[in-house]
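S.K.: To start, I am sharing the structure in question, which I have written as structure tokens.
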Amino acid sequence: MVDRNPWLNFLSHAVLILGVAIVAFPLYLALIASTHTADAIVQSPMPLLPGAHLWDNYRAALLGSGKLGSNTNVLHMMWVSFVVAMVITVGKIAISLLSAFAIVYFRFPFKMLCFWAIFVTLMLPVEVRILPTYKVVADLGLLNSYAGLTLPLIASATATFLFRQFFLTVPDELVEAARMDGAGPMRFFKDVLVPLSRTSIAALFVIQFIYGWNQYLWPLLMTTTEDMYPVVIGIKRMLAGGEAAVDWNIVMATAIVAMLPPTAVVILMQKWFVKGLVDTEK
Amino acid sequence: MASITLRNIIKRYGHGPKANPVIHGVNAEIHDGEFVVIVGPSGCGKSTLLRMVAGLEEITGGTISIGERVVNNLEPAQRDIAMVFQNYALYPHMSVFDNMAYGLKIASVPRDEIKTRVDKAAKILELGHLLERKPRELSGGQRQRVAMGRAIVRQPQVFLFDEPLSNLDAKLRAQTRIEIQKLHRELGITSLFVTHDQVEAMTLAQRMIVMNAGNMEQFGTPEEVYHTPASIFVASFIGSPPMNLLRHAPNSKPGTILGIRPEHLDITATGWEVRVDTVELLGAERLVYATMGGDHLIVRIDEGSASPQAGDTIHITPRADRLHWFDAQSGKRL
Numbered sequence: 001m002v003d004r005n006p007w008l009n010f011l012s013h014a015v016l017i018l019g020v021a022i023v024a025f026p027l028y029l030a031l032i033a034s035t036h037t038a039d040a041i042v043q044s045p046m047p048l049l050p051g052a053h054l055w056d057n058y059r060a061a062l063l064g065s066g067k068l069g070s071n072t073n074v075l076h077m078m079w080v081s082f083v084v085a086m087v088i089t090v091g092k093i094a095i096s097l098l099s100a101f102a103i104v105y106f107r108f109p110f111k112m113l114c115f116w117a118i119f120v121t122l123m124l125p126v127e128v129r130i131l132p133t134y135k136v137v138a139d140l141g142l143l144n145s146y147a148g149l150t151l152p153l154i155a156s157a158t159a160t161f162l163f164r165q166f167f168l169t170v171p172d173e174l175v176e177a178a179r180m181d182g183a184g185p186m187r188f189f190k191d192v193l194v195p196l197s198r199t200s201i202a203a204l205f206v207i208q209f210i211y212g213w214n215q216y217l218w219p220l221l222m223t224t225t226e227d228m229y230p231v232v233i234g235i236k237r238m239l240a241g242g243e244a245a246v247d248w249n250i251v252m253a254t255a256i257v258a259m260l261p262p263t264a265v266v267i268l269m270q271k272w273f274v275k276g277l278v279d280t281e282k
Numbered sequence: 001m002a003s004i005t006l007r008n009i010i011k012r013y014g015h016g017p018k019a020n021p022v023i024h025g026v027n028a029e030i031h032d033g034e035f036v037v038i039v040g041p042s043g044c045g046k047s048t049l050l051r052m053v054a055g056l057e058e059i060t061g062g063t064i065s066i067g068e069r070v071v072n073n074l075e076p077a078q079r080d081i082a083m084v085f086q087n088y089a090l091y092p093h094m095s096v097f098d099n100m101a102y103g104l105k106i107a108s109v110p111r112d113e114i115k116t117r118v119d120k121a122a123k124i125l126e127l128g129h130l131l132e133r134k135p136r137e138l139s140g141g142q143r144q145r146v147a148m149g150r151a152i153v154r155q156p157q158v159f160l161f162d163e164p165l166s167n168l169d170a171k172l173r174a175q176t177r178i179e180i181q182k183l184h185r186e187l188g189i190t191s192l193f194v195t196h197d198q199v200e201a202m203t204l205a206q207r208m209i210v211m212n213a214g215n216m217e218q219f220g221t222p223e224e225v226y227h228t229p230a231s232i233f234v235a236s237f238i239g240s241p242p243m244n245l246l247r248h249a250p251n252s253k254p255g256t257i258l259g260i261r262p263e264h265l266d267i268t269a270t271g272w273e274v275r276v277d278t279v280e281l282l283g284a285e286r287l288v289y290a291t292m293g294g295d296h297l298i299v300r301i302d303e304g305s306a307s308p309q310a311g312d313t314i315h316i317t318p319r320a321d322r323l324h325w326f327d328a329q330s331g332k333r334l
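In the order they appear, the protein sequences are chains A and C. Oh and the first sequence: position 147 is 147 in our numbering, straight run, nothing missing. Oh and the second sequence: position 282 is 282 in our numbering, straight run, nothing missing.
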């Protein structure tokens, strides 16, 4: 470490504070905008202190004000987002755990090929394969359904790889001890591997929940009815008002509301999240 | 309880011409209730042999029977054995109680029965106050005892120990050795114990198997192994300092090697003439390193007796009833 020097202290604090300010300022603006009337926001310069319409704006955003491009209320969109994010997260974790388990602990033909096939898909994110995926989902009749929203996003090479690396660090003697104790493979998986991976699972949960919540391109492509819009799409639709003036106050209120669940997940799971990334408990 | 019979055990890794043989036909009969130690240098196949008995390694050739049953194709859990691992292999997320109870739970032993058995084992091993702790909150010695407890609660026919003391410090190792002996006296369960430490082997074993390069060199009581080593390897491996092996001993037949332990050589007024290289004081005794012709040898003398100095020429006499003759070609005892 560098020595304690008041100037360096000052400098590092200044840099950090500047960084935080740059990141936080847009959030602050959104929060302020969500407390004014639509007319007040479009004034120049925009007010930088909270206004008096916080309650009205949020009620309008959550329950639908009727005069927007979208009639679906935000509460319902939040529900869709939540279900999608949860299904993607839980699905990803379950499938990755099982596939990593298979790759690490079982001998089967073409095992390495399977591993590399999974690994190679890291190079093919949803955006690259979006058209064929759309075709498949459309042919299966899954447009505008939860299954269609979540299934293509569940397979995850990253998570499989992460669990594989973790499983490789579990001592072989533990597997042998479990065999001596008479635990079959699934019993070993359930009683030993999953409890040991719980910090990694927590870290992945946070990352994948935010990933699922923030999905934009895929839902944009495959949802056409308003009752299947996740909240991220909902915000976008509010902007597409055509000639009508955009109610920026409502949009901002919606954006703030949409940020709450991922924030809550991060705050609630922070302890586990950091633990999962930092320590390996064995 | 049960005997263990090893009949012509062979282990090869890989198949066909590239196969790598590691154990070349071991035959041994371990009696019911006996404590047998398998000892040898690292890489001699002793752990592999134990793991084949445990069912963790496939058996390439031969048969292993526990009691009357041939166990070659049985899963470890069906062999009615318990094993203590070198790194203990405790489940890190389970309490001491759950670690010991896990095997019984899987075997659907009733809950009160599990509790009785775990409590009993905990009492024998003085783990009673630690049952709620996690393994990481225990010291090395305590973990070791939990690993033994896990083996005891299963009430197996056979205990297998895979170098269970090698992660303990010297003092704890000596203490645990005595505990294992006591445990074996109380429970009387047939035990196979693998170690590379000849002191452990000599002190624990009722009979010991000395292995070298995949072959069983000798199977006998510690006394037999010490006093009548079957080969040059056993002679040099067992005993510390090792037996002197003299190629050019006076009056020896060509093609033979004379073995004589350092403690069976006495400094005398006449006899073999040797030159002293160095002298080491080990507390109760002195080791005199000397050269005779082309051979190096060690003489062990009491700390109290007069010590020769480096560079001196002294005379030594071997005790006539303690000479061991080996064939230089085969290394076998003559």
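Every residue gets a Cβ at the ideal spot worked out from N, C-alpha and C, and that includes glycine.
Helix or strand or just coil, what does DSSP make of Gln-218 of chain C?
M.R.: Translated into the one-based positions of the second sequence, residue 218 of chain C becomes position 218. Strand.
S.K.: Nearest to Ile-298 of chain C by CA position, among C:Phe-326, C:Ser-330, C:Ser-236, C:Ala-320, is which residue?
M.R.: Within the second sequence, the letter at position 298 stands for residue 298 of chain C. Among C:Phe-326, C:Ser-330, C:Ser-236, C:Ala-320, the Cα nearest to that of Ile-298 of chain C belongs to C:Ser-236.
S.K.: Name, please, each residue of chain A whose Cβ falls closer than 7 angstroms to the Cβ of Asn-87 of chain C.
M.R.: Stepping through the second sequence from its first residue, residue 87 of chain C is reached at position 87. Result: Pro-171, Glu-173.
S.K.: Out of C:Gly-55, C:Ile-124, C:Thr-268, which has the shortest C-alpha to C-alpha gap to Val-158 of chain C?
M.R.: The residue labelled residue 158 of chain C in the question sits at position 158 within the second sequence. Nearest option by C-alpha distance: C:Gly-55.
S.K.: By DSSP's criteria, Thr-313 of chain C is part of a beta bridge. Which residues make up the other side?
M.R.: Taking the second sequence and counting its residues from 1, one reaches residue 313 of chain C at position 313. Its beta-bridge partners are C:Arg-275.
S.K.: Beta-carbon separation of Arg-207 of chain C and Val-37 of chain C under 9 angstroms?
M.R.: Sequence index remark: in the second sequence, residue 207 of chain C carries index 207 (1-based). Sequence index remark: in the second sequence, residue 37 of chain C carries index 37 (1-based). It is a contact, given that the beta carbons lie within the stated cut-off.
S.K.: Can you tell me which of the three DSSP states Lys-11 of chain C falls into?
M.R.: Along the second sequence, read from residue 1 onward, the residue named residue 11 of chain C stands at position 11. Three-state DSSP puts Lys-11 of chain C in a strand.
S.K.: Would you check if the distance between the CB atom of Val-96 of chain C and the CB atom of Glu-126 of chain C is smaller than 9 angstroms?
M.R.: For this step, residue 96 of chain C is matched to residue 96 along the second sequence. For this step, residue 126 of chain C is matched to residue 126 along the second sequence. Contact flag unset, no.
S.K.: Listing by chain order, which chain A residues have their CB less than 7 angstroms from the CB of Tyr-102 of chain C?
M.R.: Position 102 of the second sequence, counted from the first residue, corresponds to residue 102 of chain C. Simply Asp-181.
S.K.: Using 8 angstroms for Cβ pairs, my map puts Asn-72 of chain C next to Ile-64 of chain C. What's the rounded Cβ distance?
M.R.: Residue 72 of chain C sits at position 72 when you count from the first residue of the second sequence. Residue 64 of chain C sits at position 64 when you count from the first residue of the second sequence. Confirmed, about 6 angstroms.
S.K.: When the cut-off is 9 angstroms and only beta carbons count, does Lys-275 of chain A lie next to chain C?
M.R.: As a working mapping, residue 275 of chain A is identified with position 275 in the first sequence. Chain C contact via Cβ: absent.
S.K.: Check whether the Cβ of Arg-107 of chain A lies closer than 9 angstroms to any Cβ atom in chain C.
M.R.: Within the first sequence, residue 107 of chain A is the residue found at index 107, counting from 1. It does not: the Cβ of Arg-107 of chain A has no partner Cβ on chain C nearer than 9 angstroms.
S.K.: Suppose you measure from the CA of Arg-185 of chain C to the CA of Phe-119 of chain A; what does that come to, to the nearest Å?
M.R.: Reading the second sequence from its first residue, position 185 is the one you call residue 185 of chain C. Reading the first sequence from its first residue, position 119 is the one you call residue 119 of chain A. Each residue's Cα considered, the two are about 55 angstroms apart.
S.K.: Please tell me whether, using a cut-off of 8 angstroms, the distance from the CB of Gln-270 of chain A to the nearest non-hydrogen atom of the ligand FAD is below it.
M.R.: The model depicted lacks the ligand FAD and carries no ligand whatsoever.
S.K.: Please check if any C-beta of chain C sits within less than 9 angstroms of the C-beta of Pro-185 of chain A.
M.R.: Here residue 185 of chain A refers to the residue found at position 185 of the first sequence. Closer than 9 angstroms: no.
S.K.: With H, G and I counted as helix, E and B as strand and the rest as coil, what does DSSP make of Arg-69 of chain C?
M.R.: In the second sequence, residue 69 of chain C corresponds to position 69, counting from 1. Three-state DSSP puts Arg-69 of chain C in a strand.
S.K.: Find the nearest neighbour of Val-26 of chain C within the set C:Arg-143, C:Phe-35, C:Lys-11, judged by alpha-carbon distance.
M.R.: Here residue 26 of chain C refers to the residue found at position 26 when the second sequence is read from its first residue. Here the closest residue by C-alpha is C:Lys-11.
S.K.: Would you mind giving the Cβ-Cβ distance between Gly-214 of chain C and His-24 of chain C, rounded to the nearest angstrom? I have them listed as a contact below 8 angstroms.
M.R.: Working through the second sequence from its first residue, we reach residue 214 of chain C at position 214. Working through the second sequence from its first residue, we reach residue 24 of chain C at position 24. About 5 angstroms separates the two Cβ atoms, so the contact holds.
S.K.: Which residue or residues does DSSP assign as beta-bridge partners of Leu-281 of chain C?
M.R.: Taking the first residue of the second sequence as position 1, residue 281 of chain C is located at position 281. BP columns for Leu-281 of chain C point to C:Arg-286.
S.K.: Can you name the start and end residues of the beta strand (DSSP E) that Val-199 of chain C belongs to?
M.R.: As a first step, residue 199 of chain C must be located in the second sequence, where it is residue number 199. Looking at the DSSP string, Val-199 of chain C is not in any beta strand (DSSP E); the run it does join, the alpha helix (DSSP H), is 198 to 204.
S.K.: Tell me whether the region 77 to 85 of chain C and the region 204 to 222 of chain A touch, counting them as touching only if at least three CB pairs, one residue from each stretch, are closer than 8 angstroms.
M.R.: Touching, no.
S.K.: If you run the structure through DSSP and keep just helix, strand and coil, what is Ser-231 of chain C?
M.R.: Position 231 of the second sequence, counted from the start, is the residue given in the question as residue 231 of chain C. DSSP places Ser-231 of chain C in strand when its eight states are reduced to three.
S.K.: Round the Cβ separation of Ile-260 of chain C and Met-243 of chain C to the nearest angstrom and send it over; I've been treating them as touching at under 8 angstroms.
M.R.: Taking the first residue of the second sequence as 1, we reach residue 260 of chain C at position 260. Taking the first residue of the second sequence as 1, we reach residue 243 of chain C at position 243. Indeed they touch by this definition, with Cβ atoms about 7 angstroms apart.
S.K.: Does the pairing of the region 224 to 237 of chain A with the region 165 to 183 of chain A give three or more beta-carbon distances under 8 angstroms?
M.R.: Result no; under three Cβ-Cβ pairs closer than 8 angstroms.
S.K.: Beta-carbon of Ile-114 of chain C versus every beta-carbon of chain D: anything under 9 angstroms?
M.R.: Absent here is chain D; the protein component of the structure consists of chains A and C.
S.K.: Residues of chain C with a CB under 7 angstroms from the CB of Ala-203 of chain A: which are they?
M.R.: Counted from its first residue, the first sequence places residue 203 of chain A at position 203. Per Cβ cutoff of 7 angstroms: no residues; Ala-203 of chain A is ~17 angstroms from chain C at best.
S.K.: Which residue or residues does DSSP assign as beta-bridge partners of His-296 of chain C?
M.R.: The sequence position of residue 296 of chain C within the second sequence is 296, counting from 1. Paired residue(s): C:Thr-291.
S.K.: Distance check for Lys-105 of chain C and Glu-113 of chain C, CA to CA, integer angstroms please.
M.R.: Taking the second sequence and counting its residues from 1, one reaches residue 113 of chain C at position 113. Taking the second sequence and counting its residues from 1, one reaches residue 105 of chain C at position 105. The straight-line gap from Cα to Cα measures roughly 10 angstroms.
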